[in-house]
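Report on the following structure.
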Amino acid sequence: MTSAEGRGKRVFVDKQSPRAYGALAQTAEAVRAVAAEAGLDRILVELVNLRVSQINGCAYCLHLHTKAALRAGETTQRLGVLPAWRDTEVFTPRERAALALAEATTSPADAAAQEAAYAVARPVLTDDEISAVIWVAITINAFNRVSIMSKHPVRPVPAPRPAAAAQD
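What follows is the structure in structure tokens.
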């Protein structure tokens with residue numbers, strides 16, 4: 009398709025440039041291994057993926073990583089309050105440190121946020137964990153941009169049918 013034929017349509021950059029996307033996918037695979045080796049559990053990784061995707065407004069990644077978080081055992085309560093994580097008591101100190109680092113990585117021009125994130129992270133995360141969290145945030149930021157610029161669709165999923173009320 010020429011550019012004139014495609015006016016108004018988004019290019020799925022992952023499909024248009026599969027070698028570049030493949031390299032990003034390989035990076036994500038390496039980052040998952042680094043996170044696991046550092047001792048980050050799947051729920052923590054998915055919280056980082058979700059928080060970064062919320063900040064970036066990436067509907068496709070929010071859809072994908074919400075399902076992944078639920079499969080990993082995350083609760084709907086914690087997913088529901090994730091945008092306001094600072095105002096709740098449902099996240100552990102490690103999770104709070106990871107979320108702060110993820111936010112600072114997503115908005116790197118905010119030097120004060122970086123310093124504050126490190127101040128929270130240093131007492132509760134190891135160097136390996138800090139590095140892994142930052143790499144998870146860097147990677148999901150890249151995937152967010154691929155999906156946002158491509159306008160990857162999120163299609164409706166039918167709601168589950170409510171269970172029939174018990175009859176007396």
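The sequence shown begins at 9 in the numbering used here and counts up by one.
In this text, a Cβ means the ideal position worked out from N, Cα and C, and glycines have one as well.
Would you mind reading off the limits of the alpha helix (DSSP H) that contains alanine 67? In this chain, the alpha helix (DSSP H) harbouring alanine 67 covers 67-80.
State the Cα-Cα distance for the pair methionine 157 and phenylalanine 20, rounded to the nearest angstrom. Their backbone Cα atoms lie some 8 Å apart in a straight line.
Within 10 angstroms of its Cβ, does threonine 113 collect 16 or more other Cβ (buried), or is it exposed? By the neighbour-count rule (16 or more Cβ atoms within 10 Å), threonine 113 is buried.
When you compare only the Cα positions, how much space is there between leucine 72 and arginine 163? For leucine 72 and arginine 163, the distance between alpha carbons rounds to 11 Å.
Excluding the 5 residues preceding and the 5 following threonine 147 in the sequence, name in chain order all residues of the same chain whose CB lies nearer than 7 Å to its CB. Thr35, Ala36, Val39, listed in sequence order.
C-alpha gap between serine 155 and cysteine 69, whole angstroms: Cα-Cα distance, rounded: 7 Å.
Would you check if the stretch 74-89 and the stretch 48-62 touch, i.e. whether three or more CB-CB distances between them fall below 8 Å? Touching, yes, given that three or more Cβ pairs across the two stretches are closer than 8 Å.
Top-ranked residue by Cα proximity to lysine 159, from Val165, Leu32, Phe151: Checking every option, the nearest Cα to that of lysine 159 belongs to Phe151.
Please return the same chain residues whose Cβ sits closer than 6 Å to the Cβ of alanine 129, not counting the five positions on each side in sequence. Excluding sequence neighbours, alanine 129 sits near Ala105, Leu109, Ile138.
Buried versus exposed, by CB contacts within 10 Å (16 or more), serine 61: Its Cβ being crowded by 16 or more others within 10 Å, serine 61 is buried.
Report yes if the CB atom of alanine 80 is closer than 7 Å to the CB atom of arginine 50, and no otherwise. Against a cut-off of 7 Å, the Cβ pair of arginine 50 and alanine 80 comes out as a contact.
Can you tell me whether DSSP reads leucine 90 as helix, strand or coil? Helix at leucine 90.
How long is the line joining the alpha carbons of serine 115 and alanine 171, rounded to whole angstroms? One C-alpha to the other measures close to 44 Å.
Supposed close pair valine 42, alanine 140 - CB separation, criterion 8 Å: Rounded, the Cβ-Cβ distance is 5 Å, consistent with contact.
Output the boundary residues of the alpha helix (DSSP H) element that contains lysine 23. Element bounds for lysine 23: 21-24.
Presumed contact (8 Å Cβ cut-off) between tryptophan 93 and leucine 107, rounded CB distance: Contact between tryptophan 93 and leucine 107 holds, since their C-beta atoms are separated by about 5 Å, short of 8 Å.
Could you pull the start and end residues of the alpha helix (DSSP H) that serine 115 belongs to? Run containing serine 115: none; DSSP gives neither H nor E here.
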